[in-house]
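Q:
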Amino acid sequence: MILLTISEKSNSALQFITVLFLFVLVIGITWATTHFIANYQKVQNTGGGNIALIEAARLGTGKYIQVVRIGEKYVALAVCKDTVTVICEVPKEEIKEFSDPDKNIGNFKDLFTKFLEGNKKTNFDEKQDPSEK
2 MILLTISEKS
12 NSALQFITVL
22 FLFVLVIGIT
32 WATTHFIANY
42 QKVQNTGGGN
52 IALIEAARLG
62 TGKYIQVVRI
72 GEKYVALAVC
82 KDTVTVICEV
92 PKEEIKEFSD
102 PDKNIGNFKD
112 LFTKFLEGNK
122 KTNFDEKQDP
132 SEK
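Take 2 as the starting number for the sequence shown in my numbering and just add one per residue.
In structure tokens, the structure reads:
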């Protein structure tokens, strides 16, 4: 009777460890697949770096004006549901606050830290007693 109880406990512990291992394995495979697909799509969408969307403004449902960099030229496009029309070529000097889109990609850790620091300051100011000032 005692041996049967010990055997059942060790069997259930072994089953728990097996299920836990399989769970971690499935999560790992899911993460790896998601990471692979994200990198694959990033490479597919960026092309060779010759085309970049600089700015877009929505005019209505499915209608946009976009400023696009194609090589060294900047073009204003009217993008509708079924058509894309070139409006004009825009000189680089006329583009306000121009920045390289590749350099604009920030580090998430830095952005998150900056966000948290900003919230700490505002939360501290709100909690501070006005009589202490």
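The C-beta atom is built at its ideal place from N, Cα and C for all residues, glycine as well.
With 16 other CB atoms within 10 Å as the buried threshold, where does N87 fall?
A: Here residue 87 is Val; the residue named in the question, Asn, does not match the sequence. Result: exposed.
Q: Is it right to say V85 is buried, meaning 16 or more other beta carbons lie within 10 angstroms of its own, or is it exposed?
A: Label assigned to V85: exposed.
Q: Would you list the one or two residues that DSSP bridges to K74?
A: Answer is I71.
Q: Taking A57 as the reference, give the member of F22, Q42, A79 with the closest Cα.
A: Cα-wise, what sits closest to A57 is A79.
Q: If you follow the beta strand (DSSP E) that I96 is part of, which residue opens it and which one closes it?
A: Run containing I96: none; DSSP gives neither H nor E here.
Q: According to DSSP, is K121 part of a helix, a strand, or is it coil?
A: K121 falls in the helix class under three-state DSSP.
Q: What are the start and end residues of the beta strand (DSSP E) that includes G61?
A: Element bounds for G61: 52–61.
Q: Which residue's Cα is closest to the Cα of I55: T19, C89, A77?
A: Checking every option, the nearest Cα to that of I55 belongs to A77.
Q: Considering Cα atoms alone, identify which of K97, P92, K110 is closest to G72.
A: Measuring from the Cα of G72, the nearest candidate turns out to be P92.
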